[in-house]
Amino acid sequence: MNENTELALDPNKDDLPLMANVGSMLVRHYVLDLTVNFDRKVISGTIVLYLETSKTYKKKSDSMGTGCCPYTQTLFETEQPGSSCNSTASVAASASVDKMCNLSMHSGGGVADVSSCNHSNAEWTGVISGIREQCSNEEDFVLVLDCCDLVVNKVEEVNVIATPGIEKLIRMDMPMSENNVYSQRLQSSIVDAILGLGAECWQEQHCYYLDCSKAPGCGELQFQTDRWSLQIKKLGIQTPKDFPRVLRIYYETKPEGGSVRWTKDQSGRPCVYTSGSPINNRALFPCQEPPEAMAKWQASVWAPKGSLVLMSGENCAEPKCNGALTNWFYYVTMHMPASTFTIAVGYWVEVIAECSFRSQILKSSSSTSDYTNKSSPHIIYLSQSVLSGKNNLCGVRLCHEIAHAWFGLAIGARDWTEEWISEGFATYLEDVFWAKAQKLSEEAAKEQHQLKSLLRWRRLQDEIQNSEEELQVLRPNKQNTCAVSDSGSTIVKHGLNAGKNFMQVHYLKGYFVLHYLENRVGQKQFLKFFRLFVERFHGQLILSQDFLYMFMENFSELRSQGLSMEVIFQNWLDVAGMPKPLLDETLKWTENRLVCEVQSEVTKWIKINKKDQDSRKRKRSQKYEMKFKELLPDQLVLLLELLLEVKSFSSRTLQLLQKHYCLREQDAEVRHRWYELVIKHKHTVAYRDLIKFLEKDQAMGAYLYGELMVNEDAKQQQLVHRCFTKLQEEMDPSLRKVVAKMIL
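Numbered per the working numbering, the sequence shown finishes at 744, counting up by one with no gaps.
Spelled out as structure tokens, the structure:
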């Protein structure tokens, strides 16, 4: 019986199942050898998995208010406490070879003859082997991996004993026993020795992983796939500790797989990249998706000559040519969730722009913490939307993604539904990094933060008014957060809800949680606490209470002021809607100098619009001699949002507005607000630019489709259907689903 049957899955819901039974076995290392085929739109090859029996973990989350530290213990150690390099390699080669020869004699054939595991992949119910008949009536153990839209051709056990030079890792004290049992123990002993190499021996460890991955197979294993999983078993093996420790899976992706995106670049050349959302990497390779299943990996990727392969890795790969293909090799030495594996292949050219602000971002962010080198994301995807226009949006987005090096990679959420731990923290830190990149004074940085807080407050208000309450809760599982079945499988709430990918509640509300806590202690003290928190939890997975408990411990004086974890949960994390403490903040933000400047400009534009409308009634032209202030990009966003609240604007005023601020050349955030004005006031002169925005900035323009439909204007609705018909094939699947729901 499959352990995952304990999870009742409703196919009509948007919940995402994490099927891997990580409570039984863990993948500790992946070795991938893949080939990219642009003609067939598939990635094919092998993946070798190094497994270990999982450490049991059934500790329930501590309740609040007990006085005990509710730090969540790491489910699985991120480093193996094995022996050092010297001790693992101390066994004499001659003694090892003798033992190998004894094994060969006992098995009556070649070295490590494990023929008993060689079974066909017929339906499980129809297979009865001699070994199965000799076993008890208990069911065989099944290894379950997360897998979707993959064609699995074969699964086999790898004979690591046959790896050249592996005798260095064979223990002298291993007791002799029946040949198959001894072989299994020997294989496990070798894998344990590799896993046990210390961090200082990572190069030696990676060489062993790579060499063992090339060892011959020693028998096929039975497998079957369903929509969400790959299930593997070896007949007669009933416990995880007796299951093969190294597996090789032969497979290929499907063109429609949700983890990879096959498309073309701006020059019409083919490219592919991991989209990762919402099902992460299970349609790229069979893996363990639950966050706690952290592993290292090595990947060798073959791609057409002339193409460039980029991947999350700690090395700068140099291609090696072999005929029509080039080979690229990447690796990571830090245990990370499988969802952080990233690959992009295309015919790209590196462009080194003379843009000082980007290098300044990297300098300022790396000086904020000592952990940059340990957790660099290595590869960041930026859409063309953030690269066009002014530098503001690009700089902010870079800061946000760099912040994920700490929150998202170095420290991750143990429960995917608590994504505010990643996105809220990155949104908070993006302001800190961006202010330093611009070299702002303390006062200027404060003003900028207040302006951005007002913009986020307005955005959060809009999201709350236009989304389901259930999607507005930062900790939707509340006390049941991180609840898993005995096997370790679980379900991610709303994981398949396409619309959730375009929501920002977890970004915005998460930001305001941290903003609120910062106000209670001051920014300098808060950032100092951040450093302590990263040092304490680096390389671990956390829940909300881990952060809040440490915060309350470090600022214990707040308890006398009425602040507690319970209060934070009740006001911020466990409820929908706008948090009550935010209602008192808006007055301070509206009195901000930058905001006051915008309000003054809004007044001017309203006067111009009124004069223009009056002059049209009198059938005479109107000249304007009004001086306008130059505005920052964030000020422009606020200006356009406030002008959206005006009931009507003349076409002439809108043309003046566009011309004065050069709105066509602004970044995508500004242009999005401008096109909202265009749609509201049916400013047909700008429709050509609107269509271009929908084509070139597809994700940014998602909600403009809804605005165009709501207006119930025939010309606008024709524009919508024409654009969607033209673009739907190249749209991201989630975007296509969201837009289709809006317009069909």
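Cβ coordinates follow ideal geometry from the N, Cα and C atoms, glycine included. Quick caveat: nothing in here was measured; it's all calculated off a predicted structure.
Counted within 10 angstroms of its Cβ, other Cβ atoms place residue i as buried (16 or more) or exposed
i	result
Asn392	buried
Cys117	Here the model assigns Cys117 a pLDDT of 32, short of 50, so the residue's position is not dependable and the matter cannot be decided.
Ser556	exposed
Val710	exposed
Tyr251	buried
Arg722	exposed
Asp584	exposed
Lys627	exposed
Thr368	A caution first: Thr368 carries a pLDDT of 32, below 50, which makes its placement in the model too unreliable to give a value.
Ser648	exposed
Gln540	buried
Leu18	buried
Val396	buried
Pro164	exposed
Leu643	buried
Asn519	exposed
Leu587	exposed
Arg414	buried
Asp667	buried
Span separating the alpha-carbon of residue i from that of residue j
i	j	result
Lys55	Met334	19 Å
Glu463	Glu418	18 Å
Tyr208	Gly408	29 Å
His51	Phe285	Residue identity check: residue 51 is Leu in the sequence provided, not His. Leu51 and Phe285: Cα-Cα distance of roughly 16 Å.
Leu186	Arg248	18 Å
Leu514	Ser544	12 Å
Trp457	Phe512	9 Å
Leu455	Glu430	15 Å
Lys639	Ala405	Correcting the residue type first, residue 639 is Leu in the shown sequence and not Lys. About 33 Å.
Arg536	Met578	32 Å
Cys201	Asn37	35 Å
Leu563	Phe529	17 Å
Lys737	Glu712	21 Å
Leu32	Gly45	8 Å
Leu440	Gly258	42 Å
Gln717	Ile743	9 Å
Leu16	Ile47	24 Å
Asn43	Glu401	Reading off the sequence, residue 43 comes out as Ile, not Asn. Rounded to the nearest angstrom, the two C-alpha atoms are 27 Å apart.
Tyr724	Ser467	Checking the sequence, you will find Phe at residue 724 rather than Tyr. Distance between the alpha carbons of Phe724 and Ser467: 23 Å.
Phe808	Lys680	Residue numbering for the chain in the displayed model covers 1 to 744; residue 808 lies beyond these limits and cannot be assessed.
Glu442	Gln450	12 Å
Spatially closest choice to residue i from the options, by CA coordinates
i	options	result
His672	Thr653, Val685, Lys696, Ser650	Lys696
Ser734	Gln570, Met503, Asn37, Val685	Met503
Met311	Ser489, Val492, Arg269, Tyr381	Tyr381
Tyr549	Met565, Val534, Tyr330, Gln561	Met565
Lys390	Leu632, Leu654, Tyr703	Leu632
Ser383	Gln717, Asn21, Ala699, Asp15	Ala699
Pro255	Gly706, Trp297, Asp149	Asp149
Gln635	Lys604, Glu665, Arg593, Gln613	Arg593
Trp262	Gln238, Lys500, Val155, Met731	Met731
Gln231	Val301, Ala303, Glu470, Met25	Met25
Thr340	Val301, Gln728, Ser422	Ser422
Ser213	Asp146, Pro291, Ala299, Lys241	Ala299
Ala293	Gly701, Cys596, Thr490, Ala283	Thr490
Arg688	Ala435, Lys715, Arg40, Cys316	Lys715
Gln525	Glu669, Asn554, Arg459, Leu143	Asn554
Pro319	Gly522, Val301, Pro216, Met336	Val301
Residues sharing a beta bridge with residue i, DSSP
i	result
Leu32	Ile47, Ala299
Lys154	Tyr250
Phe407	Ile411
Val386	The partner list for Val386 (beta bridge, DSSP) is empty, contrary to what the question assumes.
Ile232	Leu143, Phe223
Asn327	Trp302, Lys320
Met336	Ala295
Leu541	Gly412
CB-CB length for residue i against residue j, believed under 8 Å
i	j	result
Phe141	Phe243	6 Å
His506	Leu474	6 Å
Gln613	Ser650	5 Å
Leu145	Ser229	6 Å
Cys287	Ala338	4 Å
Val260	Val272	6 Å
Gly268	Ser307	The pair is not a contact, with the Cβ atoms about 14 Å apart (cut-off 8 Å).
Pro290	Val22	5 Å
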